[in-house]
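In short: position in the first sequence from 1, add 836, done, that's this note's numbering. Shown next, in structure tokens, is the structure this report addresses.
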Amino acid sequence: MKPPGAVRQPLPRIFFDVDPRRVSRALLGKVLMRREGKTLLAGRIVEVEAYLGADDAAAHSAAGPTARNAVLFGPPGHAYVYFIYGNHFCLNVSCLPDGVAGGILFRALEPLQGLEEMAQRRGISIKGSRDLRSLTSGPGRLAEAFGITRERDNGKDLTAASSDLWLADDGFRVRRVQVTPRIGINKAVELPLRYIIAGNDFVSGRGNRQ
DNA sequence: ATATCGATTATCT
DNA sequence: GATAATCGATATG
837 MKPPGAVRQP LPRIFFDVDP RRVSRALLGK VLMRREGKTL LAGRIVEVEA
887 YLGADDAAAH SAAGPTARNA VLFGPPGHAY VYFIYGNHFC LNVSCLPDGV
937 AGGILFRALE PLQGLEEMAQ RRGISIKGSR DLRSLTSGPG RLAEAFGITR
987 ERDNGKDLTA ASSDLWLADD GFRVRRVQVT PRIGINKAVE LPLRYIIAGN
1037 DFVSGRGNRQ
């Protein structure tokens, strides 16, 4: 694991300029970072879902470009943030070249740094491992813990050195990737496009123990 | 332990 | 007017 300073370097745009399925695998084990003044938030990516541009009825881009999903059709490496169920924000990163839709939904993180700040924003106190899990296990939860909103972050270039929200490689290597159908959708239910770090306790849902 | 349900609003039909 | 890439609370075994 590199020292904290080394993860200031964001993953480059070319990292995201390929098929979402490939980017999904590559993103597992990487770190989502947020800078807020002198506070640094960090969480290891343990669960993501790929949303394809074409041939994927579950993707927000399925019916063509709109004001809401415009980022998915734009250049790779940008944040697509949407508001859902009148309650929650969810974070995605755009993939594939400009003009081609595709994205990845961040579904769960393992909190690494800034846990107190995350707990404060989540409105919980962290005593046991159960509380730790509820910090960032789930797309709405991790967005809240990282203070992600549509107004603040939608369209943000996550590969820019000046960005307060970015993705980094701290040297962690994933042992085994597990692929399953996606969660919480009603269309294209069977497609195996959910990627998790096998055995990781911070994967959302009923756990991932072996 | 699992199951069901209400919250609450931007977006699209 | 219906729906949604969710969450947390409540009910029940």
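We put the beta carbon where it would ideally sit given N, CA and C, even for glycine.
Three-way DSSP call (helix, strand, coil) for residue i in this model
| i | result |
| --- | --- |
| Ala1024 | coil |
| Thr875 | strand |
| Leu968 | helix |
| Gln1046 | Because the pLDDT of Gln1046 is 44, which lies under 50, any placement of that residue in the model is unreliable, and the question is left without a value. |
| Ser999 | coil |
| Ile1047 | Since the first residue shown for the chain is 837 and the last is 1046, residue 1047 is missing from the structure and cannot be characterised. |
| Arg858 | helix |
| Val867 | strand |
| Asp1005 | coil |
| Val843 | helix |
| Leu978 | helix |
| Ile881 | strand |
| Asp993 | strand |
Residue i versus residue j - alpha carbon distance
| i | j | result |
| --- | --- | --- |
| Ile962 | Leu932 | 38 Å |
| Arg870 | Ile850 | 21 Å |
| Ala890 | Asp853 | 16 Å |
| Arg861 | Leu876 | 25 Å |
| Leu1029 | Gly974 | 16 Å |
| Gln1046 | Ala1034 | Only weak support is given to the placement of Gln1046: the predicted model assigns it a pLDDT of 44, under 50, and the value that follows is read from those uncertain coordinates. Near 8 Å, if we compare the C-alpha coordinates of Ala1034 and Gln1046. |
| Gly959 | Thr985 | 16 Å |
| Glu987 | Thr972 | 21 Å |
| Gly976 | Gly865 | 20 Å |
| Phe919 | Asp855 | 25 Å |
| Val907 | Ser930 | 7 Å |
| Lys992 | Ser999 | 8 Å |
| Thr1016 | Ala1024 | 13 Å |
Whole-number beta carbon distance between residue j and residue i, since they are thought to touch under 8 Å
| i | j | result |
| --- | --- | --- |
| Val882 | Asn990 | That pair is no contact at about 24 Å. |
| Leu1003 | Val867 | 7 Å |
| Leu847 | Asp967 | Actually they do not touch by this definition, with Cβ atoms about 30 Å apart. |
Proximity test, residue i beta-carbon vs the ligand ZN heavy atom, cut-off 7 Å
| i | result |
| --- | --- |
| Asn905 | What this structure holds is no ligand at all, so the ligand ZN is not there to describe. |
Report task. For the segment 891-966, list the alpha helix (DSSP H) runs that are entirely contained and at least 4 residues long, ordered along the chain. Result -> 906-909, 951-958
Query raised in the report: Is there contact between the segment 945-952 and the segment 908-918, where contact requires at least three CB pairs shorter than 8 Å?
Result: no
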